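Colleague: Right, I'll just put the structure down here and ask away after.
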Amino acid sequence: EIVLTQSPDFQSVTPKEKVTITCRASQSIGSSLHWYQQKPDQSPKLLIKYASQSISGVPSRFSGSGSGTDFTLTINSLEAEDAATYYCHQSSSLPWTFGQGTKVEIK
Amino acid sequence: EVQLVESGGGLVQPGRSLRLSCTASGFTFGDYAMSWVRQAPGKGLEWVGFIRSKAYGGTTEYAASVKGRFTISRDDSKSIAYLQMNSLKTEDTAVYYCTRNSGYSGYDHTYYFDYWGQGTLVTVSS
């Protein structure tokens, strides 16, 4: 099973600051890495697919990068509505797995 | 508009069974693989399993934690995916989400979850 480790687990950030969340895979997964945002009491929402491909309707301040074992989700100029938990997910091999999540709080 | 609506959750005793349904609309259900993902209270996301489209055999894959106890099926004529849960354990307590798999059909490593339902809560307790 591929283990995804996110860092940090928690981040408290001021609006307009830049946020960087990393996701490290226990073995190479190519670009089969996707990012989701889950706001309190809501279902998760797809943010980025295949490590760096944007999703229609998702604000351009969200971007992804990486391949192989190391991936990054970047939120440029954080807004109050970005308070959420962010998860990475790999589909490279079964069983599909998620990172443990990174909670982003707005100061 | 794509919609996924789960139903069937509730309180059930350990060892009993429950069947969840996911009713889909807004897309050609039969063309897509579908997954179930769960989230225990206050915890992260856990993939439960998925079912391929009939074009790819309608076969299923499961997480080790539920294999042999849970079964995913689909009725394309009704646009419904099911999650049959048997021999339930207290650790199965979670919100269960239905998701649509997008990617390149037939290539499991390309799938991602582009739409999610609102979830249905399953509580396993005596």
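Chains A and B, in that order, are what the protein sequence lines are. My numbering puts the first residue of the first sequence at 1, with every later residue one more than the last. My numbering puts the first residue of the second sequence at 1, with every later residue one more than the last. No residue lacks a Cβ here, since even glycine has one placed at the ideal position from N, Cα and C. These numbers were taken from a predicted model, which means no experiment stands behind them.
1) Check each candidate in A/Lys45, A/Val19, A/Phe98 and A/Gln11 and name the one with the smallest Cα separation from A/Glu105.
2) Which value, in whole angstroms, describes the spacing of the CA atoms of B/Arg19 and B/Asn86?
3) For a cutoff of 8 Å on Cβ pairs, would you count A/Pro8 as touching chain B?
4) Between the C-alpha atoms of B/Cys98 and A/Thr14, what's the straight-line distance to the nearest angstrom?
5) Mind listing the chain B neighbours of A/Thr159? Cutoff is C-beta to C-beta under 7 Å, in chain order.
6) Does the region 89-105 of chain B come into contact with the region 76-90 of chain A, if we say contact requires no fewer than three beta-carbon pairs (one atom in each stretch) closer than 8 Å?
7) Does the count of Cβ pairs from the region 28-35 of chain B and the region 52-61 of chain B closer than 8 Å reach three?
8) So if I threshold CB-CB distances at 7 Å, which residues from the region 24-37 of chain B count as touching chain A?
9) Assuming B/Thr23 and B/Val5 make a contact with CB atoms under 8 Å, what is their CB distance in whole Å?
10) Measuring alpha carbon to alpha carbon, tell me which of A/Glu17, A/Ser7 and A/Phe71 ends up nearest A/Arg61.
11) Using DSSP bridges, identify the partner residues of B/Asn101.
Modeller: The answer reads as follows:
1) A/Gln11
2) 9 Å
3) no
4) 34 Å
5) Missing from the structure shown is residue 159 of chain A; chain A here goes from 1 to 107 and no further.
6) no
7) yes
8) none
9) 5 Å
10) A/Glu17
11) B/Phe113
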